[in-house]
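Let me begin by presenting the structure, written as structure tokens, before commenting on it.
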Amino acid sequence: MNTQDFQKRKIDNIPITMVTSYDSWSAALIERSSIDTILVGDSLAMVMHGDTTTLLADSQMMAMHVRAVRRGAPNSFIIGDMPFLSYRKGLLPAMETVELLMRSGANAVKLEGVDGHEDIIEHIIRSGVPVMGHLGLTPQSVHQFGGYRVQGKGDEDQSRIIEQAKRLEELGCFSIVLECIPSDLGRRITEELTIPTIGIGAGNQVDGQVLVLQDLLGLSGERPPKFVKQYLDGSSLIIDALNQYDHESKDRTFPTAKESYR
Ligand code: KIV
């Protein structure tokens, strides 16, 4: 997969699939699957580091996880998230983060919103680095939204998001993530753009889907958001295996001769 393939998928109307990965072992599993592309999302602050928002993630943390994912998935197209405020402090700090992520093994970067950082988006793209946009519920603005809420419910909000999507396309983004918006808005944006949209809670009339790996595998502890479908009850499987190991160790049925040295 590369940025041209993203475009081709839109033209051919073949959905693009993306999942998050933050570590080498899950990246290796994803690369063995038919999933098209990997996002090292700043959701790692929540999923891997146990925080309640994505704000904890910084450039060094993102780079460390991108490196791990690249080691596990040497042939995959990897998108690295630009963390909270990293593209709001001026061009130089933004480019330092871009450099760090790309040198760590990313093929592209993703950043949230567009208002007020158009010049930075344009500069990143002109520097030869593909940029994926992210609109709708942009988790780095959770405190401004007053929580993780569906965006684009009213007419005014919808027009604003459509206009932002068009602006990202004009700036040269190769794709846009649409998070937590009404399906009808997801469809409208997808129809109006020539670049592919990747939805998460944006309905099925978009050009692709992205989910957090732990959510789709049922490994996320808490009740996942409405837009998640769990394809596995991973938590139960893992807890069962741990309990079995615990019991067998305690009643000395593990290890057997097979797992022991003579
Ligand atoms: O950080 C992330 O995992 C994301 C996805 C939810 C799109 O941005």
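232 is the number that this note's numbering gives to position 222 of the sequence shown; each next residue is one higher, with no gaps.
Built from N, CA and C at the ideal position, the CB exists for glycine as well.
Here the structure is a predicted model, which means the values were calculated and not measured.
Ranked by Cα distance from residue 152, the first of 42, 202, 199, 66 is 66. In this structure, residue 51 has its beta carbon less than 7 Å from a heavy atom of the ligand KIV. Counting other Cβ atoms within 10 Å of its Cβ, residue 37 reaches 16 or more and is therefore classed as buried.
A direct Cα-to-Cα measurement between residue 241 and residue 272 gives close to 43 Å. Taking 8 Å as the cut-off, the Cβ atoms of residue 62 and residue 56 count as close. Taken atom to atom, the span from the alpha-carbon of residue 132 to that of residue 205 is near 16 Å.
Secondary-structure assignment with DSSP links residue 236 through no beta bridge to anything. Where residue 191 is concerned, there is no enclosing alpha helix (DSSP H), because DSSP gives it neither an H nor an E. Assigned with DSSP and collapsed to three states, residue 127 falls in coil, not helix or strand. Below 8 Å, enough C-beta pairs join the stretch 18-30 and the stretch 214-224 to call them touching: three or more. For residue 182, the closest of 73, 58, 261, 143 by C-alpha to C-alpha distance is 143. Put simply, the stretch 235-250 touches the stretch 209-218. At least three CB pairs are less than 8 Å apart.
DSSP, reduced to helix, strand and coil, places residue 144 within a strand of the structure shown.
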